[in-house]
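Peer 1: Residue numbers (UniProt numbering): 1 to 140. Before anything else, here's the structure in question.
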Amino acid sequence: MSIDFKDHGKKPYVVNIEDATLQNENYRTTIWTGAKLQVTVMTIQPNDDIGLEVHHGIDQFIRIEEGDGLCVMGDSEDDLYFEQKVSDDDAVFVPADKWHNITNTGDKPLKLYTIYAGPDHVPGTVHPTHEDAKNDPNEH
Numbered sequence: 001m002s003i004d005f006k007d008h009g010k011k012p013y014v015v016n017i018e019d020a021t022l023q024n025e026n027y028r029t030t031i032w033t034g035a036k037l038q039v040t041v042m043t044i045q046p047n048d049d050i051g052l053e054v055h056h057g058i059d060q061f062i063r064i065e066e067g068d069g070l071c072v073m074g075d076s077e078d079d080l081y082f083e084q085k086v087s088d089d090d091a092v093f094v095p096a097d098k099w100h101n102i103t104n105t106g107d108k109p110l111k112l113y114t115i116y117a118g119p120d121h122v123p124g125t126v127h128p129t130h131e132d133a134k135n136d137p138n139e140h
């Protein structure tokens, strides 16, 4: 089934999230943005990462669909006391205001989707590469 990779937010929408995640080739694609929730699908290339970040006031859920990685979290950029390997079917729960990152430690792309409660990115955000995300003035 072909996935329409656009932001379907604020309208009813049903998608096979596993298919959408596995078919996504962009670093980040926002597929739904509502008033209190946002869903993106991501592809992290080998030896790349999401990027160390914190979401103020926003809880985050991350589901690994395919690949292997290392998740770190902590109270500051210099205090990443939580470290755990992640792989297919793992769910990561990131509390609001917690610094976190996931690095692809495998030899194939790391495919994941993430749910932000509330939205973190501008509706419709697409970043074909990690570098595009880093250079986006709308990103923190």
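Each residue gets a CB set at the ideal place from its N, CA and C atoms; glycine is no exception. All values reported here derive from a predicted model rather than from experimental measurement.
What did DSSP end up calling D120 once you bin it into helix, strand or coil?
Peer 2: Of the three classes helix, strand and coil, the one that applies to D120 here is coil, per DSSP.
Peer 1: State the DSSP-derived secondary structure class of K6, mapped to helix, strand or coil.
Peer 2: Three-state result, K6: coil.
Peer 1: Please classify G57 as buried or exposed, where buried requires at least 16 neighbouring CB atoms within 10 angstroms.
Peer 2: Under this definition G57 is an exposed residue.
Peer 1: Can you name the residues that DSSP bridges to A91?
Peer 2: DSSP output for A91 lists R63 as bridge partner(s).
Peer 1: With a threshold of 6 Å on Cβ separation, who are the neighbours of I44 within its own chain once the five nearest residues in sequence on each side are excluded?
Peer 2: So the qualifying residues of the chain are N104, L110.
Peer 1: Where DSSP assigns a beta bridge to Q45, which residues make up the other side?
Peer 2: In the DSSP output, where bridge partners are listed per residue, Q45 has none listed.
Peer 1: Return the bridge partner residues of D79 from the DSSP annotation.
Peer 2: The partner list for D79 (beta bridge, DSSP) reads S76.
Peer 1: Do T40 and P123 come within 8 Å of each other at the CB atom, strictly closer than that value?
Peer 2: Contact: no.
Peer 1: Got a sec? Which residues, its chain only, sit under 6 Å from V94 by beta carbon, not counting five neighbours each side?
Peer 2: Taken in chain order, the residues that qualify are Q60, H100.
Peer 1: When the Cα atoms are used, what is the spatial distance from E131 to D48?
Peer 2: About 10 Å.
Peer 1: Round the Cβ separation of N24 and P128 to the nearest angstrom and send it over; I've been treating them as touching at under 8 Å.
Peer 2: Their Cβ separation, rounded to whole angstroms, is 11 Å, which puts N24 and P128 out of contact at 8 Å.
Peer 1: For D68, which three-state DSSP category applies?
Peer 2: Here D68 sits in strand by DSSP.
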